[in-house]
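Student:
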Amino acid sequence: MKLQVHGRLVLVVGVLAAAALSVLPSTSASAVDLADGVVVVSSSQYTSADYLYIVGEVRNDTAGNVRFVRVTATYFNETGGVLGTDFSYTVHDILVPGQKSPFRVMRNIPPGYARYELAVQYSATSNIPVPPLAILSTREWTDSLGSLWLVGEVQNTTATTLQYVKVIITLYDLTGTVVNAEYHYAYIDPLLPGQKSPFKALFFSGPMAYETRTISTAADISSSQPPNLRSTNVTHYVDTWGWLHFAGLVRNDGVADAKFVRAIVTLYDGAGNVVNCDYGYTDPSTIPAAGAAAFEVIFMGNYAGWSSYALYPPESAEPLPTPTATGTAVPTSTRTATATNTSTATRTPTSTPTQTATDTPTQTPTQTPTGTATATPTEIPSRFLIYLPVLTRQSGAASGL
0 MKLQVHGRLV
10 LVVGVLAAAA
20 LSVLPSTSAS
30 AVDLADGVVV
40 VSSSQYTSAD
50 YLYIVGEVRN
60 DTAGNVRFVR
70 VTATYFNETG
80 GVLGTDFSYT
90 VHDILVPGQK
100 SPFRVMRNIP
110 PGYARYELAV
120 QYSATSNIPV
130 PPLAILSTRE
140 WTDSLGSLWL
150 VGEVQNTTAT
160 TLQYVKVIIT
170 LYDLTGTVVN
180 AEYHYAYIDP
190 LLPGQKSPFK
200 ALFFSGPMAY
210 ETRTISTAAD
220 ISSSQPPNLR
230 STNVTHYVDT
240 WGWLHFAGLV
250 RNDGVADAKF
260 VRAIVTLYDG
270 AGNVVNCDYG
280 YTDPSTIPAA
290 GAAAFEVIFM
300 GNYAGWSSYA
310 LYPPESAEPL
320 PTPTATGTAV
330 PTSTRTATAT
340 NTSTATRTPT
350 STPTQTATDT
360 PTQTPTQTPT
370 GTATATPTEI
380 PSRFLIYLPV
390 LTRQSGAASG
400 L
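Shown next, in the form of structure tokens:
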């Protein structure tokens, strides 16, 4: 059915909810019905704790670009009484003709909830989005808690520097209905032309099984340049608990302080495919000009089969002397793994300029993507403690989807 809202077509989709609130696809209008509108291609619902999630996908069936695509859900009981509304915007900010984007609307489960309807609003725009970027390789696994992880590598294939590079994963069932969707940001920001960055996505609620998936990208153009940072004195080893450690120093070769500095490690197999990735902040996280700070990145698992790695900021050929003023032990400059490491790692040098994150608008603007933050453990934590920070950070990021 069509409704006229502010001169634009709005698609309303009704769905009857199952008693158990299981995943259920919605009815959607065809492209013929809304030849000049933004249509809901499919949607479904799932519950997690006391929250109801409606996930789906829209498509731009207009002749021009659109932006600010807003999807509003209205909730009804069995007799048609309205229980409330909520809304969310599509993950892609700008849609070109024919482009799809997932969305997710979340709220607490209303008492007596039976079904929902979706309405779409949008605005025409002359703005042009950044073209799709290249996804070089991916790997996924399911952990002991049933959460789905996906790691990969994205490359800036444009001629401009990009920031806030968003990697969007949409999961579909056998009928092509969206059952889940997530997005995460590339670890390296800004991303220079031709530069690669790892990313890591986590699905910890909703359906994890899927028949097909798509990975799309979105980004903003940036005028920022990364600071001049180098890694040095790098070691790697596997400890008695089977955790893979990378440690070293990050040196600031620039003329200004570098704030919120992260060291990013990407693991590759023999074919150059991503095995895993993670990052750790330096301590202290602000490095003055000509100064250095230590970092440690820990992989607690899911690194089997790695044979080489890339470190960002890239490694320097000249190790720094071990500092003694602070009395804090730092990694040695040895390049040999301990005897517990079953594979001999080879470094994958990178010639791309380096960067760091900052949260102040006057500095280099970056987005701090979600991921598994790592730190040197003072004791062996339980598995609950290992995952709790991940779930906390992820739920904060998920609210934007």
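At position 273 of the sequence shown (counting the first as 1) the number is 272 in numbering that gives the first Met the number 0, and the numbers step up by one without a gap.
Even glycine gets a Cβ: it sits at the ideal position worked out from N, Cα and C.
The model shown is predicted, which means the values in this text are computed figures rather than measured ones.
1. Are S87 and F75 closer than 7 angstroms when you measure CB to CB?
2. Does DSSP classify A288 as helix, strand or coil?
3. Alpha carbon to alpha carbon, how far is I134 from L149? Give it in angstroms, no decimals.
4. Taking DSSP as the reference, what is the three-state secondary structure of H91?
5. Are R261 and Y278 closer than 7 angstroms when you measure CB to CB?
6. Taking just the CA atoms, how far does T78 sit from A200?
7. The beta strand (DSSP E) with K165 in it runs from where to where?
8. Report the residue ranges of all beta strand (DSSP E) runs contained in full by the region 243-317; include only those spanning at least 3 residues, in chain order.
9. Could you tell me the alpha carbon to alpha carbon distance between Y52 and S306, rounded to whole angstroms?
10. Cβ atoms of A289 and P283: under 7 angstroms apart, would you say?
11. State the DSSP-derived secondary structure class of N227, mapped to helix, strand or coil.
12. Please classify I297: is it buried, with 16 or more other beta-carbons within 10 angstroms of its beta-carbon, or exposed?
13. Between which two residues does the beta strand (DSSP E) holding E210 run?
14. With 16 as the cutoff for other CB atoms within 10 Å, does A42 come out buried or exposed?
15. If you run the structure through DSSP and keep just helix, strand and coil, what is G83?
16. Buried or exposed for Y50, going by 16 or more other Cβ atoms inside 10 Å?
17. When the Cα of K258 is compared with those of D142, V39, V249, G271, which residue comes out closest?
Tutor: So, to answer that:
1. no
2. coil
3. 12 angstroms
4. coil
5. yes
6. 40 angstroms
7. 161-171
8. 243-251, 261-267, 273-280, 291-298, 307-311
9. 40 angstroms
10. no
11. coil
12. buried
13. Per DSSP, E210 belongs to no beta strand (DSSP E) and is neither H nor E.
14. Note that residue 42 corresponds to Ser in the displayed sequence, not to Ala. Looking at its Cβ environment, which holds 16 or more other Cβ atoms inside 10 Å, S42 is buried.
15. strand
16. exposed
17. V249
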